[in-house]
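Residue numbers (my numbering), protein chains in the order written: chain A, 163 to 618; chain B, 163 to 618.
Here is the structure:
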């Protein structure tokens, strides 16, 4: 006998209940994207390996899954790889289709990506990303709209979040001011780990990466800014923070440009969402977080990360402004901004906080359970009529033991069973049983078709 | 400068319009599946290579895409492969999750599959399948419901179709009757090509495959049954055809069992869909097609294939009854029946016959076009209010030339543009332009929010 079958590690099957929950997340996100005029595209699971290689750093290259035709010799290097994220395929798409695209191009994309990461709790080798980007405009209204989208998506899902925001130009300014302008990447990589490893370890790493004691000392005011929103509410005052920072960065042109951008973004948010400012710890807040760096190096302006306030799970959404993403494919100077919603982590937060709506799984409204094959044929006629009226119906396919048929309705959560025996047939009716209350009543077809029993 | 990027041959990008059309097909199919109580599952893109190998014949094995971690040595045989269809992963799923599943298990699954076929017109290396199966019951009501689903899906899509139906037991009976019971696979493989290569070539292939002249001669009454439904209407009489066949198959137990099954299926269809019988060439017809064989060898009962009447494109839906699909994974004796809708071919038929609804792409309802940055900020406030009212809105992100902003609305098919200049702001209004008629009128925010201009 064959071994019990399994699936590759780090991958998952999704049953009916999980699918209903996942579709709830995707549908919520999609409907908010649409309110802002973003439209859906899809790209192939496989990209040419040259499209992917070198785009995610050395670490990323190692995590690419490669694909080869069975016909190809094993020793031959595969020329294709599975999509590692949605950003690089999007950049490739924009360059390839630039003649057909209307800019600014507002697209969203919801597809799985694959990474040969070591599987662990909450980390999978196949997972979905939901990306939304606007490319072809450097207007900060892009940033504003993404912030509004984050607010609206999490309002609809019922998750309280804090949106952490920073700016790569400010980070570049800090590197300049401490006298290590060429170390901007090292600095961001190190302080990106602040949350995980703490300030001591970050300082050690900075020295390891070649910063002098003096440079590390100069960086401390930045590292020790509390990254969490203060629970006291109005103390979270990004404008005051930016004012302070203006003094710190006085000597750096790029740093001051970053401050300007952030001031403009906060003004836009304030003007359109006046209730937001300073309400730390509430349903939605924005925190200027100078220790937010984000690992990927294509960001050039604002960067975002969203954390759920009531769950310990890390970032559930992140992204930022990039000025030259399409440059790697031969189309330089196109600015864009985008964010990615992490569907799996959102799923985990909704589960942990018990926030999924109770009645998500679209079920059959009524199951026909029959005592014999005449009754079964009779039920098939009714089923056809009810489906024409838009009611989801099942007919248990065999007139087997009533207990088994009722058990099927129970297991599938079907709210009504229409029992058909000889008596019911003779009267041209069915005995309708409410599976929640246990109540039964004789009803005819017209009753059933026009009844308010069923949610459409 | 980098080369213009491209994607692997046989794969495709889908832009916004294509996505809207594809989603229309998937949503139509899904809503019909739901009416019959089928629920969605998903399986991983990658399966263990052992799950896939040997399931699709020698040809199929060669068309599997293999996946390897970048870390793995190229010489090492990859242990994973990309999903080749949805049927084998479904069988694997049923066996793996049998303890959690309520049988009969009615599932649908809409996901891409990958085959290293030589790409050609209408044949891709990545394409979507939409499968619907009921497993764990041998009731022919399964067949009935799939026929009803086919009828309903194509009625909703507006495609006229003929459903060709046959039965593997009848084919086995024929093999017995002509004295070649061990040649059933050779016979079905050969006559499956009848449509493509014609009767002479099929006869030649049958002889090549070891059938005697006498056996081939005995087979002719079957091969020359016209496979197309006659346009005269009532001549397409499956019951009369089955009666004739009963005489031909008198000596074969399995053949007679097949005839019984088909009679039962036609009775069920007649009883629940009385208008169907004999209306060949109309919106929906069913044709008993003895030359339908279908290549895959796991079918054991009824087999189906659906052809569009008004387009030359081959089968757009196909499937059948299998009695031992899960046996290969160690769970024998579980009968099921399923069909697969070919989304790409359906897309091509709808395009060729111009049957896609005109207004499929969900667009923004109104674009704000502004003359300056004060106006832009003013527009952002209105946009926020309109979105809260559920209206999809865009704000052109820069107060650039009006012609450019109007051009954006044109290109995206946005039906209204709200023009904001100093005058409009002073009156707390916008100038709303209907992009179809060219009419303009001054409206205030309440007008706009409550207007019937916009489709919700």
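For every residue, glycine included, the Cβ atom is placed at its ideal position computed from N, Cα and C. Given the structure is predicted, the values throughout are model-derived calculations rather than measurements.
Of the listed residues the options, nearest to residue i (C-alpha basis)
i	options	result
residue 481 of chain B	B:295, B:169, B:274 and B:273	B:295
residue 253 of chain A	A:485, A:195 and A:302	A:485
residue 489 of chain A	A:189, A:193 and A:257	A:257
residue 203 of chain A	A:222, A:274 and A:270	A:270
residue 470 of chain A	A:593, A:326, A:355 and A:274	A:326
residue 543 of chain A	A:590, A:198 and A:585	A:590
residue 500 of chain A	A:172, A:275 and A:307	A:307
residue 608 of chain A	A:592, A:513 and A:324	A:592
residue 276 of chain B	A:242, A:268, A:300 and A:348	A:242
Cβ-based neighbour list, residue i, same chain, cut-off 6 Å, excluding 5 preceding and 5 following
i	result
residue 532 of chain A	538, 541, 561 and 582
residue 460 of chain B	484 and 487
residue 554 of chain B	526 and 527
residue 213 of chain B	254
residue 248 of chain B	271, 291 and 293
residue 400 of chain A	428 and 450
residue 250 of chain B	217
residue 419 of chain A	331
residue 512 of chain B	518
8 Å CB neighbourhood of residue i in its chain, flanking five on each side removed
i	result
residue 572 of chain B	597
residue 567 of chain B	529, 531, 532, 558 and 579
residue 492 of chain A	257
residue 186 of chain A	518, 519 and 522
residue 549 of chain B	555
residue 416 of chain A	331, 334, 335 and 338
Under 7 Å from the C-beta of residue i: neighbouring residues of chain A
i	result
residue 557 of chain B	303
residue 560 of chain B	299 and 301
Residue i, DSSP secondary structure in three states
i	result
residue 496 of chain B	coil
residue 588 of chain B	helix
residue 190 of chain B	helix
residue 200 of chain A	coil
residue 521 of chain A	coil
residue 513 of chain A	helix
residue 353 of chain B	helix
residue 264 of chain B	coil
residue 195 of chain A	helix
residue 222 of chain A	helix
residue 176 of chain A	strand
residue 290 of chain A	strand
residue 561 of chain B	coil
residue 329 of chain B	strand
residue 483 of chain B	strand
residue 451 of chain A	coil
residue 604 of chain B	strand
residue 311 of chain A	helix
residue 285 of chain B	strand
residue 380 of chain B	helix
residue 593 of chain A	strand
residue 467 of chain B	strand
residue 167 of chain B	coil
Contacts that residue i makes with chain A (C-beta to C-beta distance below 8 Å)
i	result
residue 177 of chain B	203, 259 and 262
residue 531 of chain B	Per Cβ cutoff of 8 Å: no residues; residue 531 of chain B is ~13 Å from chain A at best.
residue 542 of chain B	303, 306, 430, 433 and 434
Residues that residue i contacts on chain B, provided the C-beta gap is smaller than 9 Å
i	result
residue 227 of chain A	208, 229, 230, 231, 232 and 242
residue 546 of chain A	310, 434 and 435
residue 554 of chain A	196, 197, 198 and 199
Chain B contact residues for residue i, given Cβ-Cβ distances below 8 Å
i	result
residue 181 of chain A	201, 202, 203 and 204
residue 170 of chain A	206, 208, 209, 210, 241 and 242
residue 317 of chain A	Correct list: empty, because the minimum Cβ distance to chain B is about 11 Å.
Residue i CB to nearest heavy atom of the ligand NAP below 7 Å
i	result
residue 592 of chain A	With respect to small molecules bound, the structure shown includes none, and the ligand NAP cannot be examined in it.
Cross-chain neighbours of residue i in chain B, by beta carbon under 7 Å
i	result
residue 173 of chain A	206 and 208
residue 213 of chain A	167
Own chain residues within Cβ distance below 7 Å of residue i, not counting five before or after
i	result
residue 611 of chain B	547, 548 and 551
task: Compile a chain-ordered list of the residues in the segment 257-282 of chain B whose CB is closer than 9 Å to at least one CB of chain A.
output: 257, 258, 259, 262, 263, 264, 265, 266, 268, 269, 274, 276 and 278
query: If you measure beta-carbon to beta-carbon, which residues of the segment 509-523 of chain A are closer than 8 Å to chain B?
result: 523
Positions along the segment 568-587 of chain B whose CB lies within less than 7 Å of some CB in chain A: 570, 573 and 574
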